[in-house]
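Scroll down for the structure; my scribbles are underneath it.
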């Protein structure tokens, strides 16, 4: 499948490199990467920075490639996409910070065994049963309260992280797509 697809792409790249000063690159290798959610084309080419690296020329190249591959179902990406790529070091730094904040919350709660004590010979069975039931319910309520307190802390931290990302405009799949302004929010 990949070799058929690569052979269909080869004419496009060869046509771009032969006799067109605008794109001045030499085709050398083509590969299909389908290991993630979206399939991607990898083409090894020699680029001329003077001719290629301006926004208009790159948009035009993407559009022409999408037109050449339209019969095979390939669609062009969003023009003026607002996707903001996060710096990898900042992303992992934020993860470490969150892990440190959650470290004390994630310590397991010690489970105390609930046991019925032995009835003294002078205590009525009904009274003993009622006392034991109250004691066990109290112990279970304490354990549940500890678990709920920790769960509330986790929810607070998760909500704060989510709101911080939304507040910076970093929600990845925002709609409708808006042309990015000159001042972009920082995401990390």
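Residue numbers (this note's numbering): 2 to 189. Just so it is clear, CB atoms sit at the ideal spot from N, CA and C, and this is done for glycine as well.
Got a sec? Which residues, its chain only, sit under 6 angstroms from residue i by beta carbon, not counting five neighbours each side?
i: residue 160; result: none
i: residue 102; result: 158
i: residue 70; result: none
i: residue 111; result: none
i: residue 172; result: Only weak support exists for where residue 172 lies, its pLDDT of 48 falling under 50; the value from the coordinates is given anyway. There are no such residues.
i: residue 140; result: 115
Ignore the nearest five residues each way along the sequence and tell me which others in residue i's own chain have a CB closer than 8 angstroms to its CB.
i: residue 99; result: 158, 162
i: residue 144; result: 110, 112, 113
i: residue 184; result: Low per-residue confidence applies at residue 184: pLDDT is 47, beneath 50, and the placement is therefore not dependable, though the value from the model is reported in the following sentence. The answer is none, since no qualifying residue turns up.
Under 7 angstroms: does the beta carbon of residue i sit that close to some heavy atom of the ligand MG?
i: residue 93; result: Here there are no bound small molecules, and the ligand MG is not part of this structure.
When we look at the beta-carbon of residue i and count the other beta-carbons within 10 Å, is it buried (16 or more) or exposed?
i: residue 10; result: buried
Output needed for residue i: all residues of its chain with C-beta closer than 7 angstroms, excluding positions within five of it in sequence on either side, in chain order.
i: residue 80; result: 60
i: residue 118; result: 133
i: residue 155; result: 103, 106
Taking 8 angstroms as the threshold (beta carbon to beta carbon), is residue i in contact with chain C?
i: residue 57; result: Looking for chain C here will not work: only one protein chain is present.
Legend entry - Length-filtered (4 minimum) alpha helix (DSSP H) runs lying within the segment 104-133: As far as the segment 104-133 is concerned, it has no whole alpha helix (DSSP H) run of at least 4 residues.
Inset, instruction - Decide yes or no for the touch test of the segment 90-103 against the segment 119-136: beta carbon pairs closer than 8 angstroms, at least 3 of them. - result: No: the two stretches stay apart, fewer than three of their Cβ pairs being nearer than 8 angstroms.
Inset, instruction - Count the C-beta pairs between the segment 145-153 and the segment 102-116 that are closer than 8 angstroms, then say yes if the count reaches three, no if not. - result: Two segments are said to touch when three or more pairs of C-beta atoms, one from each, lie closer than 8 angstroms; by this definition the segment 145-153 touches the segment 102-116.
Inset, instruction - Scan the segment 55-93 and note each continuous beta strand (DSSP E) run of 3 residues or more that stays entirely inside, going in chain order. - result: Listed in chain order, there is nothing to give.
Legend entry - 3-residue-minimum beta strand (DSSP E) runs that sit fully inside the segment 132-162, ordered along the chain: Within the segment 132-162, no complete beta strand (DSSP E) run reaches 3 residues.
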